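Going by the working numbering, 102 is the number at position 87 of the sequence shown; the sequence numbering is gapless.
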Amino acid sequence: MKEKKDVLILAIESSCDETAAAVVKNGREVLSNVISSQIELHKLYGGVVPEIASRKHIEKINQVIEEALKEADIKLDDCDAIGVTYGPGLVGALLVGVAEAKAIAYAKDLPLVGVHHIEGHISANYIENKELKPPFICLVVSGGHTHLVCVKDYGEYEIIGRTRDDAAGEAFDKVARAIGLGYPGGPKIDKLSKEGNADAIAFPKAHVEDGPYDFSFSGVKSSVLNYINGCKMKGDDYSCADIAASFQKAVTEVLVENAMRAVKEYGMDKLAIAGGVASNSTLRAAMEKACEENNIRFFHPSPIYCTDNAAMIGVAAYYEYEKGVRHGWDLNAVPNLKLGER
Ligand code: KG4
Ligand code: ZN
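Below, the structure written as structure tokens:
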């Protein structure tokens, strides 16, 4: 019997400050994953400057795609489809990837599959956890989003909780700036907190009264800023490592509590995490422990697949492609695209 042909997808991601391309085979095997980060450039300004991001994407995208094809040892003609992030994200940045994907798909007469960035983050879990299949609960914690998602099936999502204000990564970045760590702050707080005492300062845990699965991080962020100002006014010394560790503990505890509540109440036995903040070592350890205590299987991608990359977009595009999703030449960047919309 003829074996089912392998499906090779060339995926492109340019929604924020990484220009990325990858080749993914059959939705689970990453043949290449090339990322050109603009972090060094944006560091100068303390955050991502949209106009600079778009310009850099234009400069890098062809080179990144060429490298991805070379590393995977394939040609464009070997691809079965082109996957691309078309939202949410910075509109100018997204447009570069979308225009590139459309041009390649048109020139090579290949199907075009637009992907939701968060669907990509969630799908990153399928790369190294071959046995992971829906349904499961996924906590998505990135620089722009904090969502608790019930993954009902491939491509089928129900958002059950979200942040009411700042995203988790945004809170990490703002607190990092306040203690002079620079951008992006998440990894720096992660590192510095290892030298600090997480019980030194009792920052508030941000529970939302009327939303058991919702989050709010602006309160804890303000309380860190107030604490620093208070110390300065009194002329007291303060420890940046203690602030980092205590802040991280307050955020982590809420993320773990809400995620565990969702898993139990939805009758699930699997929990996954995704997004840049999912590479946080304290969050990973706390989730692992809570899952073990509650007999829940815990899944997470390696750090390289947590932060923005195109491999995750290739995985998501594969499952959309298999479902028959095809986008036309009118595919546009949608900066506020909702999860589950096509
Ligand atoms: O998923 P991502 O690369 O981009 C978005 O889609 O937003 O996430 C970037 C965010 C940044 O806010 C960064 O500070 C945070 O993820 N981050 C971390 C860690 N690594 C990245 N936050 C906490 N701990 C980390 N180790
Ligand atoms: Zn992202």
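By construction, the Cβ of each residue, glycine as well, lies at the ideal position given by its N, Cα and C atoms.
Just so it is clear, the structure is predicted and the values come from calculations on it, not from any experiment.
Between the C-alpha atoms of residue i and residue j, what's the straight-line distance to the nearest angstrom?
i    : j    : result
I80  : N347 : 20 Å
V128 : G339 : 9 Å
Y320 : H136 : 8 Å
V155 : G245 : 33 Å
V13  : P103 : Outside the shown range of the chain (16 to 357) lies residue 13, about which nothing can therefore be said.
E272 : E356 : 28 Å
S296 : A265 : 14 Å
G234 : P126 : 46 Å
A183 : T322 : 13 Å
D181 : P350 : 17 Å
K123 : D92  : 7 Å
D229 : I89  : 44 Å
A274 : N309 : 12 Å
E268 : P202 : 18 Å
S231 : N77  : 39 Å
I174 : K148 : 18 Å
Y60  : I311 : 42 Å
L163 : D21  : 33 Å
E74  : A26  : 18 Å
R43  : K249 : 56 Å
L270 : Y172 : 19 Å
L105 : E146 : 34 Å
T161 : T178 : 6 Å
A118 : E28  : 15 Å
V113 : H342 : 11 Å
I133 : A116 : 19 Å
P227 : A120 : 44 Å
L110 : L352 : 13 Å
E307 : S294 : 19 Å
Check the C-beta distance from residue i over to residue j and give it rounded, since I have them as a contact under 8 Å.
i    : j    : result
A325 : N48  : 7 Å
A108 : H57  : At roughly 12 Å, the Cβ-Cβ gap does not stay under 8 Å, so A108 and H57 are not in contact.
K304 : F151 : Incorrect: roughly 18 Å between the Cβ atoms, too far for contact.
Y334 : G170 : 6 Å
E66  : I50  : No, E66 and I50 are not in contact; Cβ-Cβ is about 21 Å, not under 8 Å.
F314 : N41  : Incorrect: roughly 19 Å between the Cβ atoms, too far for contact.
A37  : A83  : 6 Å
S157 : V292 : 6 Å
A301 : C153 : Actually they are not in contact, since the Cβ atoms of A301 and C153 sit about 16 Å apart, beyond 8 Å.
K278 : I142 : Per the sequence presented here, residue 278 reads as Val, with Lys not at that position. Actually they are not in contact, since the Cβ atoms of V278 and I142 sit about 22 Å apart, beyond 8 Å.
Cβ of residue i within 7 Å of any heavy atom in the ligand ZN?
i    : result
H72  : no
H57  : no
H132 : yes
G315 : It is His, not Gly, that sits at residue 315 in the sequence shown. Because no heavy atom of the ligand ZN lies under 7 Å away, the Cβ of H315 does not count as near it: no.
H342 : no
H222 : no
H136 : yes
Ignore the nearest five residues each way along the sequence and tell me which others in residue i's own chain have a CB closer than 6 Å to its CB.
i    : result
V130 : G98, T100, I328, A331 and A332
K17  : Residue placement at K17 is poorly supported in this model, since its pLDDT is 41, which falls under 50; the coordinates still yield a value, given next. Here the set comprises nothing.
I194 : C255 and I258
E86  : S47
L196 : K203
Whose C-beta lies closer than 8 Å to the C-beta of residue i among residues of the same chain, with five residues either side of it excluded?
i    : result
S261 : G211, N212, A213, D214, A215, I216, A217 and F218
C31  : V63, A68, G104, L105, A108, G158, G159 and D323
Y336 : V22, I24, D95, A96, G98, P126 and V128
Measuring only between beta-carbons, confirm whether residue i sits less than 8 Å from chain D.
i    : result
A293 : Of the protein chains in the structure, only one exists, and it is not chain D.
Could you name the residues of the same chain whose beta carbon sits closer than 7 Å to that of residue i, not counting the 5 residues immediately before and after it, in chain order?
i    : result
V190 : G200, I204, K236, V239 and F262
R299 : H315
P318 : S294
* Chain-ordered list of residues that sit, by beta carbon, closer than 5 Å to a heavy atom of the ligand KG4 -> Residues flagged by the Cβ proximity filter: S157, G158, G159, G184, F187, D188, P199, G201, P202, D205, G290, G291, V292, S294, N295, T322 and D323.
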